[in-house]
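Colleague:
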Amino acid sequence: MTISSEGTTLDPWYEQYASRTAGLSASEVRALFAVASRPEVVSLAGGMPAVSALPLPVIAASMERVMSTRGPAALQYGSGQGTPELREQILEVMALEGIRAGVDDVVVTTGSQQALDLVAKLFLDPGDVVLAESPSYVGAMGIFRSYQAEVAHIPMDADGMIPTALSERIASLRAAGRSIKMLYLIPNFQNPAGVTLSSERRLAIIDIARSEGILIIEDNPYGLLWFDRPAPAAMRSVEDDGIVYLGSFSKTLAPGFRVGWALAPHGIREKLVLAAEASILSPSSLNQMIISDYLAHADWKGQIDVFRGLYRERRDAMLEALEQHLPDLTWEVPNGGFYVWVGLTEGLDSKAMLPRAVKELVAYTPGTGFYADGQGRQHLRLAFCYPQPAEIREGIRRLATVVRGEQEL
Ligand code: PMP
1 MTISSEGTTL DPWYEQYASR TAGLSASEVR ALFAVASRPE VVSLAGGMPA VSALPLPVIA
61 ASMERVMSTR GPAALQYGSG QGTPELREQI LEVMALEGIR AGVDDVVVTT GSQQALDLVA
121 KLFLDPGDVV LAESPSYVGA MGIFRSYQAE VAHIPMDADG MIPTALSERI ASLRAAGRSI
181 KMLYLIPNFQ NPAGVTLSSE RRLAIIDIAR SEGILIIEDN PYGLLWFDRP APAAMRSVED
241 DGIVYLGSFS KTLAPGFRVG WALAPHGIRE KLVLAAEASI LSPSSLNQMI ISDYLAHADW
301 KGQIDVFRGL YRERRDAMLE ALEQHLPDLT WEVPNGGFYV WVGLTEGLDS KAMLPRAVKE
361 LVAYTPGTGF YADGQGRQHL RLAFCYPQPA EIREGIRRLA TVVRGEQEL
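So that you can map any letter, position 119 of the sequence shown is 119 in the UniProt record's numbering, and since no number is skipped, the others follow by simple counting.
1) From P232 to M161, what does the alpha carbon distance come to, in whole angstroms?
2) Excluding sequence positions up to five away, which residues of its chain have a Cβ less than 6 angstroms from the Cβ of V41?
3) What are the boundary residues of the beta strand (DSSP E) that includes I216?
4) For K251, which residues of its own chain have a beta-carbon under 7 angstroms away from its beta-carbon, when the five flanking residues on both sides are left out?
5) Let me make sure I understand the geometry here. Which of C385, P327, P126, I216 has the alpha-carbon closest to that of T21?
6) Mind checking whether the beta-carbon of N287 lies closer than 8 angstroms to any heavy atom of the ligand PMP?
7) For the stretch 84-153, which segments carrying the alpha helix (DSSP H) assignment without a break, of at least 4 residues, lie completely within its bounds, in sequence order?
8) Would you tell me roughly how many angstroms separate the C-alpha atoms of A115 and G80, rounded to the nearest one?
9) How about residue 410 and S282: are their beta carbons less than 9 angstroms apart?
10) Go ahead and pull the three-state DSSP assignment for T8.
11) Using a Cβ-Cβ cut-off of 6 angstroms (strictly less than) and excluding sequence neighbours within five positions of E391, which residues of its own chain qualify?
12) Tell me whether R236 counts as near the ligand PMP, meaning its Cβ is closer than 8 angstroms to at least one heavy atom of that ligand.
13) Just reading off the beta strand (DSSP E) that M235 is part of, what are its end residues?
14) Are P193 and E133 close, meaning C-beta to C-beta below 9 angstroms?
15) Going by CA-CA distance only, name the one from E85, A95, G111 that's closest to I280.
16) How about L274 and W261: do their beta carbons lie closer than 9 angstroms?
17) Apply the 10 Å Cβ neighbour rule to P89 and answer buried if 16 or more other Cβ atoms are within range, or exposed otherwise.
18) How should T345 be labelled, buried or exposed, when 16 other C-beta atoms within 10 angstroms of its C-beta is the threshold for buried?
19) Beta carbon of G139: closer than 8 angstroms to some heavy atom of the ligand PMP?
20) In chain order, which alpha helix (DSSP H) runs of at least 4 residues are fully inside the stretch 245-319?
21) Rounding to the nearest angstrom, what Cα-Cα distance links D157 and Q378 in this structure?
22) Inspect the beta-carbon positions of L272 and L122 and report whether they are closer than 9 angstroms.
23) So what's Y14 in DSSP terms, helix, strand or just coil?
24) To which residues does DSSP link residue 458 through a beta bridge?
25) Could you spell out where the alpha helix (DSSP H) holding V358 opens and where it closes?
26) Would you check whether the ligand PMP has a heavy atom nearer than 8 angstroms to the C-beta of N191?
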């Protein structure tokens with residue numbers, strides 16, 4: 001019997017794991033999150049959609065209709081690419097963000113997380129470089145790490161990734177002989193920074209990627225959840241050959257269905273379907289059919305408006321409370337999505353502070369999880385999507401107590 005590197009678990013198979021599993025580590029803050037899920041803790045940590053605002057009877061009616069009218073097909077294996085009916089409807093969803101595509105270009109996946117995993121599996125060899133925003137989505141970096149790729153963070157400001165910084169980094173990586181495989185971006189209401197890539201920068205970044213021959217992965221789960229004005233048109237609306245676009249029903253409907261999609265150029269799409277089939281045979285027929293029925297019968301656009309109103313109210317509650325209780329911290333106003341990225345004052349450490357916050361019954365996500373290179377102690381991510389406005393205000397009040405305590409140390 002062998003003792004693992006942490007020396008905490010006895011695992012007789014420890015020495016036989018593939019070398020790529022070295023990158024699979026539980027998040028350091030997972031244990032704290034278990035504590036943070038106690039009802040008395042206000043959690044501003046997880047990005048959980050407000051599913052209780054969904055019209056549950058309408059969804060139940062879709063489920064029943066699918067079972068009573070298409071039961072055997074819904075319970076059968078399906079196409080590895082997804083049902084043609086849902087792929088057709090996905091085109092309508094994407095048209096809201098200026099994207100035009102054909103029904104054959106879409107691959108339905110088990111959440112956009114699986115789409116990203118499949119894209120990474122197709123392209124990444126150990127040691128390859130993925131360019132990403134600084135900071136970037138923790139779940140994407142976990143995927144890149146699992147294929148032993150390295151993330152190179154590109155600086156961003158209030159308008160998203162900075163194109164000149166991107167060009168410079170590409171040049172220095174190339175000069176060092178590195179193989180750059182993709183540029184991963186969340187252009188709208190970014191997770192975790194909340195910022196949106198400006199239209200001009202979208203075009204500039206597309207130009208750079210095109211001339212450098214680097215594939216863009218445009219990850220857009222939040223684009224329709226705008227508050228004050230719609231997001232600029234998707235990058236995929238102006239460029240199709242060099243972009244894999246990822247979409248999801250997790251935030252506009254419900255994450256429990258685990259249905260998302262990839263829109264990819266022809267060659268990549270064929271490989272994606274093969275990789276998806278090898279991995280899961282086919283996405284859930286039942287869940288695809290329920291979503292198709294919901295999209296056909298329910299006022300899904302009206303429901304997105306409901307979500308937008310609700311999240312905007314929660315964002316406003318959070319920003320007002322931050323202004324009131326923590327005016328010396330810094331943040332950009334997110335114009336959509338789920339997150340506020342908060343900069344701490346000099347000397348504070350978001351990771352070290354978390355246990356004290358949980359003791360004060362408030363939880364957040366420390367910035368360190370959103371960087372592959374150890375940065376992030378000076379930031380934390382606050383999610384306003386799940387708690388009610390009153391809980392958000394109370395959570396920020398508690399956070400202010402913790403911050404004041406740390407500042408006095
Ligand atoms: N990309 C980003 C930026 C996300 O924030 C998330 C979910 N938090 C995902 C992808 C994965 O979403 P899905 O539920 O579609 O797998």
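Beta carbons: idealized from backbone N, C-alpha and C, even for Gly.
Modeller: Judging by the given coordinates:
1) 15 angstroms
2) L361, A363
3) 215-219
4) P49, P221, Y222, L225
5) P126
6) no
7) 84-95, 111-123, 138-146
8) 12 angstroms
9) In this structure the chain extends from 1 to 409, so residue 410 is not present and cannot be described.
10) Confidence at T8 is low in this model, with a pLDDT of 49, below 50, so the placement of that residue should be treated as unreliable; the coordinate-derived value is given next. Looking at T8 - three-state DSSP - the assignment turns out to be coil, as it is neither helix nor strand.
11) V42
12) no
13) No beta strand (DSSP E) contains M235, which DSSP labels as neither H nor E.
14) It should be noted that the sequence gives Ala, not Pro, for residue 193. Yes.
15) G111
16) no
17) The sequence shown places Gln at residue 89, not Pro. Q89 should be labelled buried.
18) exposed
19) yes
20) 266-280, 285-297
21) 16 angstroms
22) yes
23) helix
24) Shown here, the chain extends from 1 to 409; a query on residue 458 therefore has no answer.
25) 350-359
26) yes
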